[in-house]
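Engineer:
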Amino acid sequence: MGLTIVWAEPAAEQFAERLDYIGAFNPDAARRLRRKVDASLRRLLDFPEIGRWVPEFGTGLYREILVRPLRILYEDQMDKLVVTFVYRQEEAIGPDSYEPETDC
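Just so we're on the same page, this note's numbering is the position in the sequence shown counted from 1, plus 4.
#1: Pull up the CB-CB distance for Y78 and G64, whole angstroms please, since I reckon it's below 8 Å.
#2: Just the Cα atoms here: how many angstroms apart are Y102 and Q18?
#3: Let me check one thing: in DSSP terms, what residues is Y66 bridge-paired to?
#4: What are the residues that DSSP puts in a beta bridge with Y91?
#5: Counting pairs of beta carbons, one from the region 8 to 17 and one from the region 26 to 39, are three or more of them closer than 8 Å?
#6: DSSP three-state call for I54: helix, strand or coil?
#7: Using only alpha-carbon positions, find the residue among M82, Y91, F51 that is nearest to E60.
#8: Using only alpha-carbon positions, find the residue among I9, V10, R38 that is nearest to E4.
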């Protein structure tokens, strides 16, 4: 059995928000972006290491693929690739730009 792609809830919400925003002005552009992201993620199934290490975090945890105008961060968890965050390329990311989930 091969790799699968799983969207973490925050990433799915971030992606949907960005598609909604673009779609409000240009529905065709939102559809094209969705197709590009889908194709890029399918490519990851064959080549999971094609994404670069996220420069802000260094090597070890998150990789990213760039699908203009988005940065899609993912984790390789051996049997699945988990899409964890979706940012616009110009957004700053790092430890101060998100709050980790805590179990209470």
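Ideal placement from N, C-alpha and C gives every residue a C-beta, glycine not left out.
Just so we're clear, the structure is a prediction, and the values are computed from it rather than from any experiment.
Structural biologist: Reading off the structure:
#1: Contact flag wrong, Cβ pair sits at about 13 Å.
#2: Residue placement at Y102 is flagged as unreliable, the pLDDT there being 49, under the threshold of 50; a coordinate-derived value is accordingly withheld.
#3: Y66 pairs with nothing; no bridge assigned.
#4: R75
#5: no
#6: helix
#7: Y91
#8: Coverage of the chain is limited to positions 5 through 108, which leaves residue 4 absent and any answer about it impossible.
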